[in-house]
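Contents: one structure, followed by commentary.
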Amino acid sequence: MDEFLAISALQHYAYCPRQFALIHVEQVWSENRFTAEGRILHKRVDSAEPEQRGDTRFERSVSVLSNVLGLTGKLDLLEIKSGKTPKYTPVEYKRGKPKTEDWDRIQLCAQALCIEEMRSVQVKEGAIWYWEVRQRVAVEIDLELREATKNIVRNARVLLSQGRTPPPTSHRKRCRACSLADICQPQMFRDDRSSNYITRLFEK
């Protein structure tokens with residue numbers, strides 16, 4: 001694999017391919033309250049020391065990679081339960097609350113796929129800790145989630161290779177929470193009909 005893709009970039013793509021392209025193709029970034037709170041949360045998590053509780057070891061800020069998928073990243077927390085076959089559970093920390101969409105679960109699944117490749121084990125479950133509601137949500141790493149994650153990896157790589165920035169997402173509510181809204185200017189892009197006009201001209 002020529003270039004490794006950051007696991008965190010998969011969440012950007014799943015949330016909005018345009019956001020992904022602005023960050024990973026155009027190399028722009030802007031912070032808002034949500035990203036600042038998330039950064040502070042992860043800084044606290046990463047600074048914690050590893051510990052052992054009973055038969056389970058808690059490793060923090062664990063680096064992982066997958067040569068097969070071309071992914072690299074860092075786990076907030078890896079729980080390793082000892083036994084004849086050790087059980088590995090990746091745990092991702094998020095500042096918000098549980099979502100119906102798969103954005104967070106895709107990021108977690110990618111972490112699980114990296115662990116499986118590195119340790120030659122099967123990871124059946126991960127977890128996401130949502131700071132805002134102080135809730136831990138178990139996530140089954142099933143076939144459907146695995147395929148969705150691999151599909152996101154493929155699509156993200158295509159966008160990177162094309163080096164283009166697609167139009168804004170059709171899910172307008174996502175734009176309001178995006179730190180790149182001022183740079184992206186999704187509403188201005190939607191109001192500009194010139195590209196559609198030119199397309200129709202060439203279709204005649």
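Residues in the sequence shown are numbered from 1 upward in steps of one, following full-length UniProt numbering.
For every residue, glycine included, the Cβ atom is placed at its ideal position computed from N, Cα and C.
Inter-residue CB distance, residue i and residue j (contact presumed, cutoff 8 Å)
i    : j    : result
E3   : G70  : 7 Å
V123 : E117 : Between E117 and V123 the Cβ distance is about 10 Å, and since that is not below 8 Å, they are no contact.
Straight-line Cα distance separating residue j from residue i
i           : j    : result
C114        : Q185 : 35 Å
residue 211 : S120 : Given a span of 1 to 204 for the chain in the structure shown, any question on residue 211 remains unanswerable.
Q161        : R154 : Checking the sequence, you will find Ser at residue 161 rather than Gln. Distance between the alpha carbons of S161 and R154: 11 Å.
E125        : N67  : 22 Å
T56         : M188 : 52 Å
P167        : P86  : 45 Å
A9          : R164 : 16 Å
R95         : E147 : 26 Å
S61         : T169 : 32 Å
R53         : H171 : 43 Å
R157        : I7   : 12 Å
H12         : G83  : 36 Å
E144        : N151 : 11 Å
Q135        : A177 : 21 Å
E92         : L108 : 7 Å
Contact set for residue i: own chain, Cβ-Cβ below 7 Å, skip 5 residues either direction
i    : result
F58  : P50, E51, L77 and E79
T100 : none
Y88  : L78, I80, I115, R119, V121 and V123
A112 : P90, V123, G126 and I141
L75  : V62, V64, P90 and Q111
Pair within 8 Å by beta-carbon distance, residue i and residue j
i    : j   : result
Q110 : T72 : Correcting the residue type first, residue 110 is Ala in the shown sequence and not Gln. Contact flag unset, no.
Contact set for residue i: own chain, Cβ-Cβ below 8 Å, skip 5 residues either direction
i    : result
I198 : Model confidence at I198 stands at a pLDDT of 40, short of 50, so the residue's coordinates are unreliable; what they give is reported in the following sentence. Correct list: empty, nothing qualifies.
R174 : Y15 and C16
V25  : L159, L160, G163, R164 and T165
Same chain, Cβ closer than 6 Å to residue i, five either side skipped, listed in chain order
i    : result
S194 : Its pLDDT being 49, under 50, S194 is placed unreliably in this model, and the coordinates cannot settle the point.
V137 : P98 and I128
Three or more C-beta pairs below 8 Å linking the stretch 102–116 and the stretch 125–136: yes
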